[in-house]
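Asks:
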């Protein structure tokens, strides 16, 4: 019984593209979940959603010009993140309005650019990701961004914690909270660009938010929550790769559906646990 | 001494300077909007306990936020122990109203209170055993050491208030700005907070408390400052004349 199962798990690893996909999945899963923890706890999930959609015009312009898709997406998301931050300084323009407005404009601009080109070949992978198509160059970039981002999260863990729970107190002790907010947006942009490789512009936010939401149901400690989120995200990402390989499903959608399944299990567990506690005398 | 987070250098406090000196302060929540606080002057000597009395919207929280640098002054000057704002972060602690904290954040009470040490730690330095011991001592003072490992979302209103005061004590500041610390708390918390405030004052620290309960706590303060509609007024009668309930009426 075990031998065929092991074959199922190991056979795909004979292919280089699967090896690259699994390593990418682990990296992207860990990065999205670790940063996503602070994004969710700071109620910035909607900003993550905005940035993922804003990457599209950058991707399309880079594709049309034959440049680096990564650079195109990164420029578009960073410009959007900082643009929203800058425009929100005007008291008459609400930040949530900008977050709701700018990404739609950017996304529409991306679609407009695609419609002017003759080729729609890569539209599907831009929108929904293609983790099985990751190249060596993409993989190196994903590893680099993941390692740098995780080191930054580790170094600034204490400050991010205070900045999230009580930003006013952080400011009163001299922390540069505006710089920290922009720093978080910068790392969010990098994470989004990396996530797009796996699940595309439309679904990246799910990888940032859903594993964290599932972990939040199961623990009330930040460290454990980050560890659990990373575990769930990696499980989903690797599960998505296998599903895509064996069933030919879209890799991005498969990863997100695994995330959703884990969330449903966590929610069910919590629901039963609450019922059990209520029935206790 | 250099402040870890802002790199400002801290000079020794001027021995002749008051703990807090404000002249002609004007504060608003937008650059061109209506003043939330206007023409405010005050001089608080070192070691004094001062009550800030006024109805909701009088400008008490606005004043505190201006003193600790959360709101910029549109006009006037603020000097703390003889220095300009931002030059002595560790000497000032602001205890906000409970609603301003994200109590759903997944950390323990001990973690939260230990944050009071961050001003001394700065970038990259995690809290060490000594910092945890200081935090535990503050929890003990507030009679909530048994809650050290409880998640902060599982605290009652009174316990949240004690936790906030414990964090302020952990910072070991010399000027404490407490924004309605006794608002909607149980009798036991009120007693504990009262005793702790006495101890803090006995240590020579300066305390300014925004309160609705001045008539019940009058003996605790050296002086009261009355605020109404963002302006300093002479006494409580002026508030009552205008129909405001103001001090003494929760």
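Residue numbers (this note's numbering), protein chains in the order written: chain A, 12 to 292; chain B, 1078 to 1327. For every residue, glycine included, the Cβ atom is placed at its ideal position computed from N, Cα and C. Given the structure is predicted, the values throughout are model-derived calculations rather than measurements.
Could you please tell me which residues of the segment 1137-1164 of chain B, in chain order, have their CB closer than 9 Å to any CB of chain A?
Replies: 1142, 1145, 1146, 1147 and 1163
Asks: Any C-beta of chain A within less than 9 Å: which residues of the segment 1227-1254 of chain B qualify?
Replies: 1228, 1229, 1230, 1231, 1244 and 1248
Asks: Quick one: Cα of residue 1325(B) to Cα of residue 158(A), how far?
Replies: Start at 1 with the first residue of the second chain, and residue 1325(B) comes out as number 248. Start at 1 with the first residue of the first chain, and residue 158(A) comes out as number 147. Residue placement at residue 1325(B) cannot be trusted, given a pLDDT of 34 that sits under 50; what the coordinates show is reported in the next sentence. Cα to Cα, the separation comes out at about 57 Å.
Asks: Verify whether the separation of the beta carbon atoms of residue 1276(B) and residue 1126(B) is less than 8 Å.
Replies: On the second chain, residue 1276(B) is found 199 positions in, with the first residue counted as 1. On the second chain, residue 1126(B) is found 49 positions in, with the first residue counted as 1. No. Outside cutoff.
Asks: Does the Cβ of residue 1318(B) have 16 or more other Cβ atoms within 10 Å, making it buried, or fewer, making it exposed?
Replies: Walking along the second chain from the start, residue 1318(B) turns up at place 241. Bear in mind that the predicted position of residue 1318(B) carries a pLDDT of just 48, short of 50, making it too unreliable to give a figure here.
Asks: If you follow the alpha helix (DSSP H) that residue 257(A) is part of, which residue opens it and which one closes it?
Replies: Looking up residue 257(A) in the first chain gives position 246. Segment 233-258, the alpha helix (DSSP H) holding residue 257(A).
Asks: Along chain B, in chain order, which residues have C-beta atoms closer than 9 Å to that of residue 175(A)?
Replies: As a first step, residue 175(A) must be located in the first chain, where it is residue number 164. Those are 1179 and 1182, listed as they occur along chain B.
Asks: When the distance is taken between beta carbons, is residue 1170(B) closer than 8 Å to residue 1250(B)?
Replies: Your numbering for residue 1250(B) matches position 173 in the second chain. Your numbering for residue 1170(B) matches position 93 in the second chain. Yes. Within cutoff.
Asks: With a 10 Å radius around its C-beta and 16 neighbouring C-beta atoms as the bar for buried, classify residue 1272(B) as buried or exposed.
Replies: In the second chain, counting from the first residue as 1, residue 1272(B) sits at position 195. Exposed, since its Cβ has fewer than 16 Cβ neighbours within 10 Å.
Asks: Write down every uninterrupted run of the beta strand (DSSP E) in the segment 1160-1234 of chain B whose length is 3 residues or greater and which is fully enclosed by it, in chain order.
Replies: 1169-1172
Asks: Is residue 107(A) helix, strand or coil by DSSP?
Replies: One-based indexing of the first chain puts residue 107(A) at position 96. If DSSP states are grouped into helix, strand and coil, residue 107(A) belongs with the helices.
Asks: Report yes or no: is there a C-beta of chain B within less than 8 Å of the C-beta of residue 141(A)?
Replies: Residue mapping note: residue 141(A) aligns to position 130 of the first chain, counting from 1. Chain B contact via Cβ: absent.
Asks: Output yes if chain A places a C-beta closer than 8 Å to the C-beta of residue 1219(B); else output no.
Replies: Stepping through the second chain from its first residue, residue 1219(B) is reached at position 142. Residue 1219(B) does not count as touching chain A.
Asks: Counting only beta-carbon separations shorter than 8 Å, does residue 230(A) have a partner in chain B?
Replies: As a working mapping, residue 230(A) is identified with position 219 in the first chain. At least one CB of chain B lies nearer than 8 Å to the CB of residue 230(A).
Asks: Can we say the segment 234-248 of chain A touches the segment 43-53 of chain A, given the rule of at least three CB pairs closer than 8 Å?
Replies: yes
Asks: Can you give the beta carbon distance from residue 1140(B) to residue 1129(B), rounded, assuming they're within the 8 Å contact cut?
Replies: Along the second chain, read from residue 1 onward, the residue named residue 1140(B) stands at position 63. Along the second chain, read from residue 1 onward, the residue named residue 1129(B) stands at position 52. Confirmed, about 7 Å.
Asks: Mind checking whether residue 205(A) and residue 162(A) have CB atoms under 8 Å apart?
Replies: Along the first chain, one-based indexing puts residue 205(A) at 194. Along the first chain, one-based indexing puts residue 162(A) at 151. No; because the gap between Cβ atoms is not below 8 Å, this pair is not in contact.
Asks: Please return the same chain residues whose Cβ sits closer than 7 Å to the Cβ of residue 1121(B), not counting the five positions on each side in sequence.
Replies: Counting from one through the second chain, the residue named residue 1121(B) turns up at place 44. The answer, listed in chain order, is 1095, 1096, 1097, 1127, 1283 and 1285.
Asks: When you compare each of 116(A), 105(A), 74(A) and 77(A) to residue 91(A) by their alpha carbons, which one comes out closest?
Replies: Counted from its first residue, the first chain places residue 91(A) at position 80. Ranking the options by Cα distance to residue 91(A), first place goes to 116(A).
Asks: Considering only C-alpha positions, which residue in the set 280(A), 288(A) and 224(A) is nearest to residue 1183(B)?
Replies: Residue 1183(B) sits at position 106 when you count from the first residue of the second chain. Nearest C-alpha to residue 1183(B): 224(A).
Asks: Can you tell me whether residue 1145(B) is buried or exposed? The criterion is at least 16 other CB atoms within 10 Å of its CB, across all chains shown.
Replies: One-based indexing of the second chain puts residue 1145(B) at position 68. Residue 1145(B) is buried by the Cβ-count criterion.
Asks: DSSP state of residue 1137(B), grouped into three classes?
Replies: Numbered from its first residue, the second chain carries residue 1137(B) at position 60. Looking at residue 1137(B) - three-state DSSP - the assignment turns out to be helix.
Asks: In chain A, which residues lie less than 7 Å from residue 1258(B) when you measure between Cβ atoms?
Replies: Here residue 1258(B) corresponds to residue number 181 of the second chain, with the count starting at 1. In chain order: nothing, as chain A lies at least about 15 Å away.
Asks: Between residue 234(A) and the rest of its own chain, which residues show a CB-CB distance below 7 Å, the 5 nearest in sequence each way excluded?
Replies: As a working note, residue 234(A) is residue 223 in the first chain. None.
Asks: How is residue 1283(B) classed by DSSP in three states: helix, strand or coil?
Replies: By 1-based counting over the second chain, the position of residue 1283(B) is 206. DSSP places residue 1283(B) in strand when its eight states are reduced to three.
Asks: Which residues of the segment 162-174 of chain A have a Cβ closer than 9 Å to any Cβ of chain B? Give them in chain order.
Replies: 166, 167, 168, 169, 170, 172 and 173
Asks: Does the distance from the CB of residue 1256(B) to the CB of residue 1287(B) come in under 8 Å?
Replies: Your numbering for residue 1256(B) matches position 179 in the second chain. Your numbering for residue 1287(B) matches position 210 in the second chain. Yes; because the gap between Cβ atoms is below 8 Å, this pair is in contact.
Asks: Considering only their Cβ atoms, is the gap separating residue 277(A) from residue 228(A) smaller than 8 Å?
Replies: Along the first chain, read from residue 1 onward, the residue named residue 228(A) stands at position 217. Along the first chain, read from residue 1 onward, the residue named residue 277(A) stands at position 266. Remark: C-beta atoms of residue 228(A) and residue 277(A) approach each other more closely than 8 Å.
Asks: Tell me which residue opens and which closes the alpha helix (DSSP H) that residue 289(A) is part of.
Replies: For the purposes of this step, residue 289(A) is taken as residue 278 along the first chain, with counting starting at 1. 262-290 is the span of the alpha helix (DSSP H), which, as asked, contains residue 289(A).
Asks: How about residue 236(A): is its C-beta nearer than 8 Å to some C-beta of chain B?
Replies: Sequence index remark: in the first chain, residue 236(A) carries index 225 (1-based). With 8 Å as the cut-off, residue 236(A) counts as an interface residue toward chain B.
Asks: Looking only at C-alpha atoms, which of 84(A), 286(A), 248(A) and 74(A) sits nearest to residue 219(A)?
Replies: On the first chain, position 208 is the one that residue 219(A) refers to. It is 248(A).
Asks: Going by alpha carbons, who is nearest to residue 1100(B) out of 1220(B), 1156(B) and 1188(B)?
Replies: Numbered from its first residue, the second chain carries residue 1100(B) at position 23. Nearest C-alpha to residue 1100(B): 1156(B).
Asks: Straight-line CA distance for residue 1208(B) to residue 1178(B)?
Replies: Walking along the second chain from the start, residue 1208(B) turns up at place 131. Walking along the second chain from the start, residue 1178(B) turns up at place 101. Answer to the nearest angstrom: the Cα atoms are 22 Å apart.
Asks: Applying the 10 Å Cβ sphere with the 16-neighbour rule, what's the burial state of residue 88(A)?
Replies: Translated into positions along the first chain, residue 88(A) becomes position 77. Buried, since its Cβ has 16 or more Cβ neighbours within 10 Å.
Asks: Along the chain, where does the alpha helix (DSSP H) containing residue 1256(B) start, and where does it finish?
Replies: For this step, residue 1256(B) is matched to residue 179 along the second chain. Careful: residue 1256(B) lies outside any alpha helix (DSSP H), inside the beta strand (DSSP E) at 1252-1256.
Asks: In chain order, what residues of the same chain lie with their CB nearer than 6 Å to the CB of residue 111(A), ignoring the 5 residues before and after it?
Replies: Position 100 of the first chain holds residue 111(A). So no residue of the chain qualifies.
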